[in-house]
Amino acid sequence: MKPAVLTGEHFFTGDVACAEGALAAGCRFFGGYPITPATEIAEHMSARLPDIGGTFIQMEDEIAAMASILGASWAGLKCMTATSGPGFSLMMENIGLGICTETPCVVVNVQRGGPSTGLPTQGAQSDMMQARWGSHGHYEIIALSPASPQEIFYQTITAFNLSETYRLPVLIMTDEIVGHMSERVSIPSAKDIKTVSRLAPKGRKDRFKPFEPGPNGVAPMPTVGQGYNVHVTGLTHDEKGYPVMSVEAQDEMMKRITNKITNNLDDIIQTQSYRLDDADIAVISYGVSARTSLSAVDEARKMGIKAGLLRLITVWPFPEDQIRRLANQVKKMVTVEINLGQIFLEVQRCAGNKIPVALVGHPGGTIIPPESVIDVLKEPV
Amino acid sequence: MNKKQNQEKITKEVVITGFGGQGIVLAGSILGKAAALGDHLESTLVQSYGPESRGGACSAQVIISTDTIHYPYINRPDILVCMSQSAYEKHIDQLKPGGLLLIDKDLVRRMGKRDDYFSIPSTRMAEELGRTMMANIIMIGFLTAITHIVSKNAAKNSVAVSVPKGTEENNIKAFQKGFDYGQAVLKGREKKAAGRTGAIS
Chain A
1 MKPAVLTGEH FFTGDVACAE GALAAGCRFF GGYPITPATE IAEHMSARLP DIGGTFIQME
61 DEIAAMASIL GASWAGLKCM TATSGPGFSL MMENIGLGIC TETPCVVVNV QRGGPSTGLP
121 TQGAQSDMMQ ARWGSHGHYE IIALSPASPQ EIFYQTITAF NLSETYRLPV LIMTDEIVGH
181 MSERVSIPSA KDIKTVSRLA PKGRKDRFKP FEPGPNGVAP MPTVGQGYNV HVTGLTHDEK
241 GYPVMSVEAQ DEMMKRITNK ITNNLDDIIQ TQSYRLDDAD IAVISYGVSA RTSLSAVDEA
301 RKMGIKAGLL RLITVWPFPE DQIRRLANQV KKMVTVEINL GQIFLEVQRC AGNKIPVALV
361 GHPGGTIIPP ESVIDVLKEP V
Chain B
1001 MNKKQNQEKI TKEVVITGFG GQGIVLAGSI LGKAAALGDH LESTLVQSYG PESRGGACSA
1061 QVIISTDTIH YPYINRPDIL VCMSQSAYEK HIDQLKPGGL LLIDKDLVRR MGKRDDYFSI
1121 PSTRMAEELG RTMMANIIMI GFLTAITHIV SKNAAKNSVA VSVPKGTEEN NIKAFQKGFD
1181 YGQAVLKGRE KKAAGRTGAI S
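Sequences listed follow chains A and B, in order. Just so you know, we're using this note's numbering here: the first sequence kicks off at 1 and counts up by one. Just so you know, we're using this note's numbering here: the second sequence kicks off at 1001 and counts up by one.
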């Protein structure tokens, strides 16, 4: 029997590395529905979870898969589901339920070409705006975009830690290319992996309010069956969890579910700067497109073009401050992503009134070749 | 390839192609794993396949390097392995000038004038061993002997940990067959080059 943390060196696909990251983070429940190119995550979890005291369940569809992890989370488990475009669309309503009920869980979207059934076996990054606004209502969300199997291992752990800290569904927005590519993945020993679990409530059980924010804006979370009064609803509710249909209750609840993110941006947002110190042009990219961009930046530097890369590891909440600061330093920004301009719109919003912002996009089905980026970097600034 | 001997950056790009069901992606995975875990080099594997599970065109792209690999796709491979005629026809023009072509002798009929190629009847040899499925492992043995892109030990260990439990011994045997065949072909070429007769195909 294999342990929960597979310490050692492996040659894993991104999908398998994601599943192993979840197990290392303490995930013990996976509810899912298979879909290319995310199936291998479910397949791997189904093989691994029963051995380490966890539960895998294949639900009837993605709506139920998302519902199952919300339920398992209130039963006290760290949980995850994984899907791709069509399944992500079906999950949207219950992702909203998770946001409204402040339920920690992790949702992986291994993006493929869309819309609709699209290109099942070929990659894209075209669900980025859906990740931000796909469920109805106004809310904040956290979405991470890893660029390699090694990184998806670590970022899956981070996703669990953020979801437990801030009590919300955290999205891993990867893509078919990272999901299906294999690379060396080094897994440290269990004691060297930092995991975070939701704060447990203290004090009198009959006075406890499951939605009363603590010091960081987040309420401790009880597990059903512990004796705390727990009422969980998607209706607008007060700190006790009871439905209150008033403008004041709506205002209070909305502040609670948005402020806990917007007041903790420094703790949440991760970016990586590459050769930006003296750069004239900043490439802004994420996920697999950031790998393309790294190649392009290196090639451009060889030609004497002062290019650098800001890699967005956290895409939502959007690293606004980082982009705004960079806009004061560089003369141009180039956004690289496998869609026809989504994160580009955000970069434009934050930098477009100061400097020109270009897009190197692609409708999906393949990675963007470095040459396409270099061509734009070569244009006079 | 050896990290210690070579201070400068060396990158080799290998494309393995054939039909879905021939174990093309597994062959790529064995090669990439041998490089990453056995020889401690950097390696990436990306795969492409169609929506059908068997019979469609399938390819595995493996990059092995002494340095970090950013871009994991291959446009002009240094080494091209073809396990089907349609894969050969689709990919042959992508091979770098001076690149190595390795084919299954019975499944690929070459077109054009290229003489610099290596062939092995890997599928027939696998049938003789009792399992057609092992043609990919024979091809990996052959590739290891011809190209030295990974060490023999690393490749052999990678085969052993990548195949289903209980089939390790047979697969190692298949790997060794392919490896021996590759060495014999190289030896034959040496003899030919030295002007001696009696060379092996």
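Glycine is no exception: its CB is placed at the ideal position from the N, C-alpha and C atoms.
Taking just the CA atoms, how far does residue j sit from residue i?
i, j, result
"TYR166 of chain A", "VAL218 of chain A", "6 Å"
"THR335 of chain A", "GLY304 of chain A", "20 Å"
"GLU140 of chain A", "ASP277 of chain A", "31 Å"
"TYR228 of chain A", "GLU164 of chain A", "19 Å"
"ILE187 of chain A", "VAL5 of chain A", "8 Å"
"PRO3 of chain A", "ILE52 of chain A", "7 Å"
"GLY137 of chain A", "VAL247 of chain A", "15 Å"
"GLN1094 of chain B", "TYR1073 of chain B", "13 Å"
"TYR154 of chain A", "ASN109 of chain A", "16 Å"
"THR13 of chain A", "HIS180 of chain A", "5 Å"
"ALA19 of chain A", "VAL1015 of chain B", "28 Å"
"HIS10 of chain A", "THR236 of chain A", "47 Å"
"ALA1199 of chain B", "MET1083 of chain B", "Note that ALA1199 of chain B scores a pLDDT of 45, beneath 50, so its modelled location is shaky and nothing firm can be said."
"VAL283 of chain A", "SER197 of chain A", "36 Å"
"ILE1140 of chain B", "LYS1105 of chain B", "15 Å"
"ALA159 of chain A", "CYS27 of chain A", "11 Å"
"THR39 of chain A", "VAL1161 of chain B", "22 Å"
"ASN263 of chain A", "ILE368 of chain A", "35 Å"
"ILE1146 of chain B", "LEU1080 of chain B", "12 Å"
"SER372 of chain A", "LEU359 of chain A", "10 Å"
In the DSSP assignment, find the beta strand (DSSP E) that holds residue i and state where it starts and stops.
i, result
"THR1044 of chain B", "1042-1049"
"GLY169 of chain A", "In the sequence as displayed, the identity of residue 169 of chain A is Pro instead of Gly. Counting along the chain, the beta strand (DSSP E) containing PRO169 of chain A begins and ends at 169-175."
"PRO120 of chain A", "119-123"
"ASP1104 of chain B", "1100-1104"
"PHE56 of chain A", "55-58"
"LEU359 of chain A", "357-361"
"ARG386 of chain A", "Outside the shown range of chain A, which is 1 to 381, sits residue 386 of chain A, and nothing can be said about it."
Check whether the Cβ atoms of residue i and residue j sit closer than 9 Å, and answer yes or no.
i, j, result
"GLY387 of chain A", "ALA65 of chain A", "With chain A represented from 1 up to 381, any question about residue 387 of chain A goes unanswered, as that position is not in the structure."
"ALA124 of chain A", "PRO319 of chain A", "no"
"GLY1038 of chain B", "ALA1174 of chain B", "no"
"LYS1012 of chain B", "SER1048 of chain B", "no"
"ASN1170 of chain B", "MET1125 of chain B", "no"
"GLN272 of chain A", "ILE313 of chain A", "yes"
"GLY1028 of chain B", "ALA1060 of chain B", "yes"
"ALA1087 of chain B", "PHE1142 of chain B", "no"
"VAL107 of chain A", "MET91 of chain A", "yes"
"GLY85 of chain A", "PRO115 of chain A", "yes"
"ARG275 of chain A", "ALA307 of chain A", "yes"
"GLU1042 of chain B", "ALA1034 of chain B", "no"
"ALA279 of chain A", "VAL330 of chain A", "yes"
What do you get for residue i, buried or exposed, if any count of 16 or more other CB atoms within 10 angstroms of its CB means buried?
i, result
"VAL224 of chain A", "exposed"
"VAL381 of chain A", "exposed"
"MET1 of chain A", "exposed"
"ARG291 of chain A", "buried"
"GLU346 of chain A", "buried"
"MET1111 of chain B", "exposed"
"ASP267 of chain A", "exposed"
"GLN226 of chain A", "exposed"
"ARG184 of chain A", "buried"
"ASP127 of chain A", "buried"
"ARG1109 of chain B", "exposed"
"THR117 of chain A", "exposed"
"LYS191 of chain A", "exposed"
"SER1201 of chain B", "Low local confidence applies: a pLDDT of 44 at SER1201 of chain B is under 50, so the model's placement there is unreliable, and no value is given."
"HIS231 of chain A", "exposed"
If you follow the alpha helix (DSSP H) that residue i is part of, which residue opens it and which one closes it?
i, result
"ILE388 of chain A", "It is not possible to answer for residue 388 of chain A, since the shown part of chain A is limited to 1 through 381."
"ILE41 of chain A", "39-48"
"LEU294 of chain A", "288-302"
"VAL218 of chain A", "Where VAL218 of chain A is concerned, there is no enclosing alpha helix (DSSP H), given that its DSSP letter is neither H nor E."
"SER163 of chain A", "149-166"
"ALA24 of chain A", "14-25"
"PHE1175 of chain B", "1168-1193"
"GLU1127 of chain B", "1122-1129"
Short-range partners of chain B found in the region 181-209 of chain A, where Cβ spacing is below 8 Å:
MET181, SER182, GLU183, ARG184
Taking only beta carbons into account, state which residues of the region 1011-1032 of chain B come closer than 7 Å to chain A, listed in chain order.
SER1029, GLY1032
Would you list, in chain order, the members of the region 1175-1186 of chain B that have their beta-carbon closer than 8 Å to a beta-carbon of chain A?
none
Would you list, in chain order, the members of the region 7-28 of chain A that have their beta-carbon closer than 9 Å to a beta-carbon of chain C?
Here chain C cannot be found, since the structure's protein chains are A and B.
To be precise: take each residue of the region 1038-1050 of chain B, compare its Cβ to all Cβ atoms of chain A, and keep it if any distance is under 8 Å. Which residues remain?
GLU1042, SER1043, THR1044, LEU1045, VAL1046, GLN1047, SER1048, TYR1049, GLY1050
Please name the residues in the region 289-307 of chain A whose beta-carbon is closer than 8 Å to at least one beta-carbon of chain B, in chain order.
ARG291, THR292, LEU294, SER295, ASP298
The region 1059-1075 of chain B: positions lying closer than 7 Å to chain A by Cβ:
HIS1070, TYR1071, PRO1072, TYR1073
Positions along the region 346-371 of chain A whose CB lies within less than 7 Å of some CB in chain B:
ILE367, PRO370
Taking beta-carbon pairs under 7 Å, can you tell me which members of the region 105-127 of chain A lie near chain B?
PRO120, THR121
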